[in-house]
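For the record, the sequence lines run as chains A and B.
Going by the working numbering, the letters in the first sequence line up with residues 1 to 179, in that order.
Going by the working numbering, the letters in the second sequence line up with residues 180 to 358, in that order.
All remarks here apply to the structure that follows.
2 protein chains.
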Amino acid sequence: MENSRQSPDTLLPKLAAHVLEHGLAGASLRPLAKAAGTSDRMLIYHFKSKDGLVTALLEHVAQMYSQALEMAWPTEPAATRRECAQRLLAIGRAPMFAPFLRLWWEIVAGAAKGDAAYRASAAAMMDSQLAWFEAHLPPDDPDPKAGARLVALAVEGSLMMDALGLGEVGEAGLAALEG
Amino acid sequence: MENSRQSPDTLLPKLAAHVLEHGLAGASLRPLAKAAGTSDRMLIYHFKSKDGLVTALLEHVAQMYSQALEMAWPTEPAATRRECAQRLLAIGRAPMFAPFLRLWWEIVAGAAKGDAAYRASAAAMMDSQLAWFEAHLPPDDPDPKAGARLVALAVEGSLMMDALGLGEVGEAGLAALEG
DNA sequence: GACTACCTGTAGCAACTGCTACATTTCGTT
DNA sequence: AACGAAATGTAGCAGTTGCTACAGGTAGTC
């Protein structure tokens with residue numbers, strides 16, 4: 001079945017799928033290789049080192065995330081920032097985003113520790129998200145750029161609360177947004 | 180120097196200090212033991228297993244965090260929610276909180292993965308923080324509970340942006356808070 | 001066919017992982 | 001002083017970690 005030659009480009013999707021399901025921090029070469037239909041030997045060959053693998057993987061995941069955002073059904077414009085944030089939270093809570101969010105918090109943790117690759121990936125994903133948020137603000141928003149940032153803070157905060165099992169805190173907070 | 184008998188209570192502070200500096204996810208028994216002046220053998224003896232250690236450590240860190248919050252100098256009440264959030268962000272950015280925040284994102288990641296111990300620790304820390312936030316809202320706030328939640332979302336979101344190296348995004352977002 | 005560049009499997013190494021068996025010391029109690 | 005429980009040191013085990021040396025295979029080009 002897996003008889004064609006592999007390359008980083010053919011490996012990355014399978015590796016990303018494995019990482020989305022099992023996490024990135026604890027991923028070691030042999031399980032990753034098995035999931036991608038190769039050997040640890042070949043992963044090192046293609047990516048030079050595990051650091052190289054992780055860096056490539058983070059870039060790939062950031063790209064996947066941007067594309068996933070673009071494909072998420074565009075809601076018709078919301079009337080207020082509050083409503084906008086609530087809709088975006090609902091989208092972020094959709095099951096298809098759950099693996100991304102699990103991975104997202106790992107990436108945030110890595111970035112907080114100062115790792116450059118994690119930080120670059122996180123910044124890329126956040127930039128996509130900010131742009132997407134800005135595009136979904138109410139069309140009459142007085143300051144879309146600042147509004148998108150405020151909404152992003154609130155939505156990300158809510159998603160964090162979700163991760164902690166405190167979803168209601170996020171909902172109550174968003175309900176208190178002006179609008 | 181370290182000739183007295185050890186117990187979980189005497190070990191936990193040193194273990195927590197090590198974890199605050201070096202992270203929790205990658206902490207293994209031998210380095211932890213060395214930092215606490217013991218052996219891996221004794222860590223297992225006192226905490227039964229590494230899971231037991233981590234659970235105890237997470238509880239301890241949550242307690243430390245509550246106490247650290249109580250000791251953070253209480254600002255005089257802010258005039259608006261926005262000003263309140265901005266002050267709280269400034270406090271969260273103080274150097275003394277940096278190790279806590281690094282660890283915090285690790286805990287969030289662990290909680291997002293569904294680990295019960297991480298989730299409990301995170302919820303405890305978040306509860307402390309919500310109460311503290313509520314106590315620092317403007318005294319004339321119409322709905323302190325909801326307000327504290329909104330401020331928490333915004334401040335946590337800003338701190339996340341800080342972790343990603345996007346501090347300005349947090350600042351711009353907070354500036355757009357009503358008030 | 002020969003040459004070359006890329007790709008891959010096998011085997012293994014040194015370090016580290018959590019944990020344990022066994023022996024010994026330390027201490028409070030009697 | 002004697003006893004039992006709690007605490008500790010030494011040594012090691014089985015499994016995993018990232019990575020490598022070596023030997024081949026596989027393709028395209030001349």
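We treat Cβ as the ideally placed atom computed from N, Cα and C, and that holds for glycine.
Given residue i as reference, the closest of the options once Cα atoms are compared
i       : options                               : result
D294(B) : D230(B), G216(B), P317(B) and G205(B) : D230(B)
A85(A)  : L20(A), P138(A), A17(A) and R5(A)     : P138(A)
F100(A) : D306(B), R272(B), L356(B) and A291(B) : A291(B)
P144(A) : A354(B), E262(B) and V233(B)          : A354(B)
A154(B) : A215(B), D188(B) and M275(B)          : Past the boundaries of the shown model lies residue 154(B); chain B is included only from 180 to 358, so the question cannot be answered.
E357(B) : M339(B), G326(B), E335(B) and M340(B) : G326(B)
A35(A)  : P95(A), E70(A), F97(A) and L20(A)     : L20(A)
M161(A) : L332(B), M339(B), G344(B) and M340(B) : L332(B)
G165(A) : L248(B), M304(B) and L222(B)          : M304(B)
A131(A) : S4(A), L43(A), A25(A) and S66(A)      : S66(A)
T80(A)  : A123(A), P142(A) and S4(A)            : P142(A)
Residue interval of the alpha helix (DSSP H) (run including residue i)
i       : result
E357(B) : No alpha helix (DSSP H) contains E357(B), which DSSP labels as neither H nor E.
K48(A)  : From DSSP, K48(A) is part of no alpha helix (DSSP H); its letter is neither H nor E.
T75(A)  : Here T75(A) belongs to no alpha helix (DSSP H), and DSSP marks it neither H nor E.
R261(B) : R260 to G271
D341(B) : P323 to A342
Q129(A) : A116 to A135
K193(B) : P187 to H201
L211(B) : L208 to A215
G110(A) : A98 to A112
Straight-line Cα distance separating residue j from residue i
i       : j       : result
A33(A)  : G346(B) : 37 angstroms
A299(B) : A288(B) : 13 angstroms
H225(B) : Q129(A) : 46 angstroms
E350(B) : S337(B) : 7 angstroms
M180(B) : T217(B) : Low confidence applies to M180(B): its pLDDT is 46, below 50, so where it sits in the model is not reliable enough to give any reading.
Q6(A)   : L190(B) : 50 angstroms
R261(B) : F133(A) : 21 angstroms
K227(B) : V233(B) : 11 angstroms
R220(B) : S28(A)  : 26 angstroms
D140(A) : A94(A)  : 27 angstroms
L150(A) : L69(A)  : 19 angstroms
V169(A) : L222(B) : 37 angstroms
S183(B) : A204(B) : 29 angstroms
M96(A)  : A302(B) : 25 angstroms
A98(A)  : A277(B) : 28 angstroms
Contacting residues, own chain, Cβ-Cβ under 6 angstroms from residue i (five flanking each side not counted)
i       : result
A72(A)  : I91
L58(A)  : A117 and S121
V61(A)  : A16
G352(B) : none
Same chain only: Cβ atoms within 7 angstroms of residue i, ignoring 5 sequence neighbours per side
i       : result
M243(B) : A195
W284(B) : A342
R209(B) : D219
Sequence-distant residues of its chain with Cβ nearer than 8 angstroms to residue i (five each side left out)
i       : result
G23(A)  : R102, L103 and E106
E156(A) : none
H315(B) : P253, T254, P256, A257, C263, R266 and L267
H18(A)  : A27, P31, L32, A35 and A36
K193(B) : A214, A215 and G216
D306(B) : none
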